[in-house]
Amino acid sequence: MNRTILAIVVVLVVLGALYFWQQPPPQTLTPAPEPARSIQEAEPPAPEYPVPEPSSALDAGDGGGMEPPPGAAPAPGPEPAPPLPALGESDPLAAQALQTVFTAGDALGLFNIDGFIRRLVVTVDNLPRTRLPLKQLAVQTAPERFLVRAGAGEDEYFIRPENYRRYIPHVRLLESLDTATFAGLYIRYYPLFQAAYEELGYPDAYFNDRLVEVIDHLLATPEVSDPIRLARPHVLYQYADPELEALSAGQKTLIRIGPDNARRVKVKLREIRARLTRLEIE
Numbered sequence: 001m002n003r004t005i006l007a008i009v010v011v012l013v014v015l016g017a018l019y020f021w022q023q024p025p026p027q028t029l030t031p032a033p034e035p036a037r038s039i040q041e042a043e044p045p046a047p048e049y050p051v052p053e054p055s056s057a058l059d060a061g062d063g064g065g066m067e068p069p070p071g072a073a074p075a076p077g078p079e080p081a082p083p084l085p086a087l088g089e090s091d092p093l094a095a096q097a098l099q100t101v102f103t104a105g106d107a108l109g110l111f112n113i114d115g116f117i118r119r120l121v122v123t124v125d126n127l128p129r130t131r132l133p134l135k136q137l138a139v140q141t142a143p144e145r146f147l148v149r150a151g152a153g154e155d156e157y158f159i160r161p162e163n164y165r166r167y168i169p170h171v172r173l174l175e176s177l178d179t180a181t182f183a184g185l186y187i188r189y190y191p192l193f194q195a196a197y198e199e200l201g202y203p204d205a206y207f208n209d210r211l212v213e214v215i216d217h218l219l220a221t222p223e224v225s226d227p228i229r230l231a232r233p234h235v236l237y238q239y240a241d242p243e244l245e246a247l248s249a250g251q252k253t254l255i256r257i258g259p260d261n262a263r264r265v266k267v268k269l270r271e272i273r274a275r276l277t278r279l280e281i282e
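Position 143, counted from 1, in the sequence shown is what UniProt numbering calls 143; the numbers after and before it change by one each time, with no gaps.
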């Protein structure tokens, strides 16, 4: 052992001795058991925006707490809803729900129904991130090609206004969403959304909280007016403004669909958010 290594060993031994010398003398008493609060602290946090359970909510409203007169037959209660299918068998249920909550356009034609609930949860969770998993999106991409026009400068491009028309079917479909019907079905099917969210690796979190968080993130998207300048350093276009390019995938999508479409989407998102934060059985 050379002198350098020997010096390091001596220093570590001295520091270790000093650490133990500075500690109080060891106690011979039996240590007390851990307080019960340590178990409570390990419990997952309560949801910020809880989703009511349909069965309990319906039972709570049974007759307003008044007892029927003596000899009178009890009023028939609501029939219990059929049990939910397993997450992997929920596509027919999802297709039926989509046709119920959207009142305009071909809803099924704009969505990827195969594994829809899982796709929807993955899409929502990734909107605030830098990239979207294109193979797992719940919505079909817009038809036709992305339209741009060249600018006067080198590597200068702008989004062509007619490009925004590609997204009109998606915007109209969102505007046709019946939020009252949506809230009822969302409560009914929420266990499936929660199960899909836990599959992503969030066993102690709540999908409804994440959904509200993502909507708030999208509502914070800056308003950008035409012309929107692009650059093309490689194969794909990107925003020439570094601040816009640094936005999340969801926020950049809102800008790409055009100012008017983005405003219409935000109006509907605020309406949906109001429902999600005060969910109740109607």
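No residue lacks a Cβ here, since even glycine has one placed at the ideal position from N, Cα and C.
Per-residue DSSP class, three states only, for TYR186: Judged by DSSP in its simplified three-state form, TYR186 adopts helix.
Beta carbon of ILE113 nearer than 7 Å to that of ALA138: In this structure, the beta-carbon distance from ILE113 to ALA138 does not fall below 7 Å.
Residue environment, ASP209, which counts as buried when at least 16 other CB atoms sit within 10 Å: The residue is buried, with at least 16 neighbouring Cβ atoms inside 10 Å.
Status (buried if at least 16 other CB within 10 Å, exposed otherwise) for VAL224: Label assigned to VAL224: buried.
VAL148: first and last residue of the uninterrupted beta strand (DSSP E) it sits in: In the DSSP annotation of this structure, the continuous segment of the beta strand (DSSP E) that includes VAL148 starts and ends at 148 to 150.
Buried versus exposed call for ARG166 [16 or more other C-beta atoms within 10 Å across all chains shown]: Around the beta carbon of ARG166, a 10 Å sphere encloses 16 or more other beta carbons of the protein chains shown; the residue is thus reported as buried.
Rounded C-alpha distance that separates ARG229 from ASP204: When rounded, the distance between both Cα atoms is 42 Å.
Neighbour-count burial assignment, PHE146, 16 or more Cβ in a 10 Å radius: With fewer than 16 other Cβ atoms within 10 Å, it is exposed.
Three CB pairs or more closer than 8 Å across the segment 85 to 92 and the segment 121 to 133: No contact exists between the segment 85 to 92 and the segment 121 to 133.
C-alpha gap between LEU211 and ALA152, whole angstroms: Just so you know, the alpha carbons of LEU211 and ALA152 end up roughly 42 Å apart.
Pick from ARG278, ARG270, VAL51 and PRO44 that is closest to LEU174, judged by C-alpha positions: Comparing Cα-Cα distances from LEU174 to each of ARG278, ARG270, VAL51 and PRO44, the minimum goes to ARG270.
Option nearest HIS170 by Cα separation, candidates ALA107, ALA183, PRO50 and LEU218: Residue ALA107 is the option with its Cα nearest to HIS170.
As assigned by DSSP and simplified to three states, the class of ALA231: If DSSP states are grouped into helix, strand and coil, ALA231 belongs with the strands.
Paired residues, beta bridge with LEU177 - DSSP: BP columns for LEU177 point to PHE102.
Inside the segment 220 to 270 only - alpha helix (DSSP H) runs reaching at least 4 residues: List check, alpha helix (DSSP H) in window: 242 to 245 and 249 to 256.
Three-state secondary structure (DSSP) of TYR202: In the structure shown, TYR202 sits in coil (DSSP, three-state: anything other than H, G, I, E or B).
Continuous alpha helix (DSSP H) stretch holding ILE159: start and end: According to the DSSP assignment, ILE159 belongs to no alpha helix (DSSP H) but to the beta strand (DSSP E) extending over 157 to 159.
Distance between GLN140 and TYR239 (C-alpha atoms, nearest Å): Answer to the nearest angstrom: the Cα atoms are 23 Å apart.
Simplified DSSP state of VAL139, which is helix, strand or coil: Strand, per DSSP.
Counterpart residues of PHE111 in DSSP-defined beta bridges: Note: PHE111 sits in a beta bridge opposite VAL139.
Cα-Cα separation between GLY201 and ARG263, rounded to whole angstroms: If you take the alpha carbons of GLY201 and ARG263, they lie about 33 Å apart.
CA nearest to the CA of ALA104, picked from TYR157, ALA81 and LEU177: When each option's Cα is compared against that of ALA104, the closest is LEU177.
Straight-line gap, LEU276 to ARG232 (C-alpha atoms, nearest Å): Straight-line Cα distance between these residues: approximately 39 Å.
Cβ neighbour criterion (16 or more within 10 Å) applied to GLN194: Result: buried.
Cα-Cα separation between residue 283 and ALA274, rounded to whole angstroms: What the structure shows of the chain is the stretch from 1 to 282, and residue 283 is not part of that stretch, so it cannot be assessed.
Given PHE158 as reference, the closest of TYR237, ARG172, ALA142 and ALA196 once Cα atoms are compared: PHE158 has its Cα closest to that of TYR237, out of TYR237, ARG172, ALA142 and ALA196.
Reduced DSSP category for THR123 - H, G, I as helix; E, B as strand; rest coil: Of the three classes helix, strand and coil, the one that applies to THR123 here is helix, per DSSP.
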